[in-house]
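Shown next, in structure tokens, is the structure this report addresses.
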Amino acid sequence: MLNKKLAKALNLQLNKEIYSAYLYLAMSAYSSYKGLTGFANWFREQYKEEKEHAGKFYSYLVEQGARVELETIEKPPLEFGSPQEMFEKTLAHEQFISRSIRELLELALAEKDYATSIFLQWFIKEQVEEEANDNEILAKLKLAGENGAGLLVLDSELGKRGGH
Ligand code: OFO
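In this text, residue positions in the sequence shown follow this note's numbering: the first is 36, and each later residue adds one.
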């Protein structure tokens, strides 16, 4: 059974994961509007992944007999600037999520809740991967710079992401 403090923090993380999904769906819509169908596909896949993250927190709370309390989801922005700016925002958001997961783990350890700390390990690893993916795409975007052809090659590469 989770203590109240941890349950509240995990509920908050569930909200952050749903916001992540919402944010990436907004980025997907923005990319489609800009005619970048590969970017749109990549963010749509990211949206699906974030829904899975939210689902993991939801299931864990239910499994632990804690009350799930759904909060209001913040409205994501409408405009994201250039593809590079959009990925800078993506990386910054993932860094925020990584900090949030680390704080959750610190809380679980302070509360001596070992089951929750084991549950959180998966997210610690996942965040390393998420940040690495964003850094890699950002590096390619910087290389492409103002070069439209480079951007189109990357768009077609991002269009291949699938599997969810
Ligand atoms: Fe993007 O990893 Fe969840 O939020």
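Heads up, the beta-carbon is just placed ideally off N, CA and C, and yes, glycines get one too.
Could you check how far apart the C-beta atoms of residue i and residue j are, in whole angstroms? I think they sit under 8 Å.
{"i": "Ile136", "j": "Leu155", "result": "6 Å"}
{"i": "Ala42", "j": "Leu96", "result": "7 Å"}
{"i": "Asn170", "j": "Leu126", "result": "7 Å"}
How would you call residue i, buried or exposed, if buried means at least 16 neighbouring beta carbons within 10 angstroms?
{"i": "Met36", "result": "exposed"}
{"i": "Glu165", "result": "buried"}
{"i": "Trp77", "result": "buried"}
{"i": "Asn182", "result": "exposed"}
{"i": "Arg79", "result": "buried"}
Below 7 Å, is the gap between the Cβ of residue i and the nearest heavy atom of the ligand OFO?
{"i": "Glu171", "result": "no"}
{"i": "Lys51", "result": "yes"}
{"i": "Glu161", "result": "yes"}
{"i": "Ser67", "result": "no"}
{"i": "Glu138", "result": "no"}
{"i": "Ser55", "result": "yes"}
{"i": "Glu98", "result": "no"}
{"i": "Glu165", "result": "yes"}
Ordered along the chain, which non-local residues of its own chain (more than five positions away) have a Cβ less than 7 Å from that of residue i?
{"i": "Pro111", "result": "Tyr57, Leu58, Ala61"}
{"i": "Leu140", "result": "Ser152, Leu155, Ile159"}
{"i": "Ala179", "result": "Gly185, Leu186, Leu189"}
{"i": "Val163", "result": "none"}
{"i": "Gly194", "result": "Thr72, Gly73, Asn76"}
{"i": "Lys51", "result": "Ile132, Ser135"}
Here's a check: name, in chain order, each residue in its chain whose Cβ is nearer than 6 Å to the Cβ of residue i, leaving out the five neighbours to either side.
{"i": "Gly70", "result": "none"}
Using a Cβ-Cβ cutoff of less than 8 Å, which residues in the same chain neighbour residue i once the five nearest sequence positions on both sides are dropped?
{"i": "Asn38", "result": "Glu146, Asp148"}
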